[in-house]
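Protein chains: 2
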Amino acid sequence: MAGKSPEMTLKAIGVVRRSFREPSSERLNLGEIASEIEIDPSLTEALDGLEDFSHIIVLYWMHRANSERLSLKVHPMGRKDAPVQGIFAVRTPNRPNRIGKTTVRLLERRGNILRVQGLDALDGSPVLDIKPYLPGYDSKDNARVPSWIIN
Amino acid sequence: MAGKSPEMTLKAIGVVRRSFREPSSERLNLGEIASEIEIDPSLTEALDGLEDFSHIIVLYWMHRANSERLSLKVHPMGRKDAPVQGIFAVRTPNRPNRIGKTTVRLLERRGNILRVQGLDALDGSPVLDIKPYLPGYDSKDNARVPSWIIN
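Residue numbers (this note's numbering), protein chains in the order written: chain A, 68 to 218; chain B, 68 to 218.
Printed below as a string of structure tokens:
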């Protein structure tokens, strides 16, 4: 299957700037603190219009994840009380392609700097893409999740 | 900025199978027709537990997008009636990193095959990641969008 694939190499369009550098089991709490995304100045113009959205989707590279030793099944978020799941059924950063996807509130845009709330990425994470959050496309009503999920 | 980046090369974890091969201006209508995602058989076990979710997030490589000639600003979906926007304020496939993100309904899982509804990807698109859709994390209430958006 891999043999038929086109070359897929990513380039950072920016970087996450914040005061957290180390992976932590309290990773989701990172989202409570505002952080900044610094976009490459050559791409500043590509952000025009983004300030009209309250929320944006950030795709970033989880550069501190361990994908050398990839387990196919894990306890979700290390929770031993929850049943073991395939890694595609959980949001662990340890996955074949370390792409993180987080929807965040856009607090402010100043030129090539986006100030956001809700980004659970570490300082220095390469940013891969910014997309506008479209509720009619990105949000689903009546979604069903298994009982081990704590919403 | 790029000089400080780690090596970021993607590997396909699977491929989209459907009857649409050509890019089209009616791209979003692709979602109305069910399609299949064939995951690499070596990763089948990593899908275990996914069948407990009604919706999943598919990250895929938009292999037919034109990123050789990258415009920083475009009319959204080619709509000349809508104001020109930066490419990070629209969902055009012509972006620095051609990663598509679509949330779809999971109709069925059979081993390494996922049958889904709502996937606006072309046949042959390399699949990069599958994540469970978590409403409490992925959906945002009261999101604001500009007036040119048709939801």
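Glycine included, C-beta positions come from ideal geometry on N, C-alpha and C.
Quantities reported herein were computed from a predicted structural model and do not represent experimental measurements.
A distance below 8 Å between beta-carbons, with the five flanking residues on each side excluded, links A:D205 to the following residues of its chain, in chain order: I124, T170. Taking all protein chains in view, the Cβ of B:I217 is surrounded by fewer than 16 other Cβ atoms within 10 Å, so the residue is classified as exposed. The criterion of a C-beta distance shorter than 8 Å is not satisfied by A:M75 and B:T111. B:P108 sits close to B:N179, with the two beta carbons spaced by under 8 Å.
For the segment 159 to 175 of chain B, residues whose beta-carbon sits nearer than 7 Å to a beta-carbon of chain A comprise R162, P163, N164, I166, K168, T170.
In this structure, DSSP gives A:T111 a helical state, which the three-state scheme calls helix. Counting only residues of its own chain and dropping the five nearest sequence neighbours on each side, A:A132 has a CB closer than 6 Å to the CB of P160, N161, R165. In the DSSP annotation of this structure, the continuous segment of the beta strand (DSSP E) that includes B:Y127 starts and ends at 122 to 128.
Taking one beta carbon from each stretch, the segment 173 to 187 of chain A and the segment 133 to 148 of chain B have fewer than 3 pairs nearer than 8 Å; the two do not touch. Scanning its chain for C-beta atoms nearer than 6 Å, with the 5 sequence neighbours on each side dropped, one finds around B:M129 the residues P160, R165, G167, in chain order. At least one C-beta of chain B is nearer than 8 Å to the C-beta of A:A156. Around the beta carbon of A:D148, fewer than 16 other beta carbons lie within 10 angstroms, which makes this residue exposed.
Residue-level contact by beta carbon fails for A:K147 and chain B, as no gap is shorter than 8 Å.
For the pair B:A156 and B:Y127, the Cα-to-Cα distance works out to about 19 Å.
DSSP places A:P193 within a strand segment (E or B) once states are collapsed to three. The CB of A:H122 comes closer than 7 Å to the CB of K207, A210 in chain B, given here in chain order. A:L186 carries a coil assignment under DSSP once its states are collapsed to helix, strand and coil. Annotation: the continuous alpha helix (DSSP H) that includes A:G203 extends over 202 to 205.
Beyond the five residues adjoining it in sequence on each side, B:G153 comes within less than 7 Å, by CB distance, of L139, K140 in the same chain, given in chain order.
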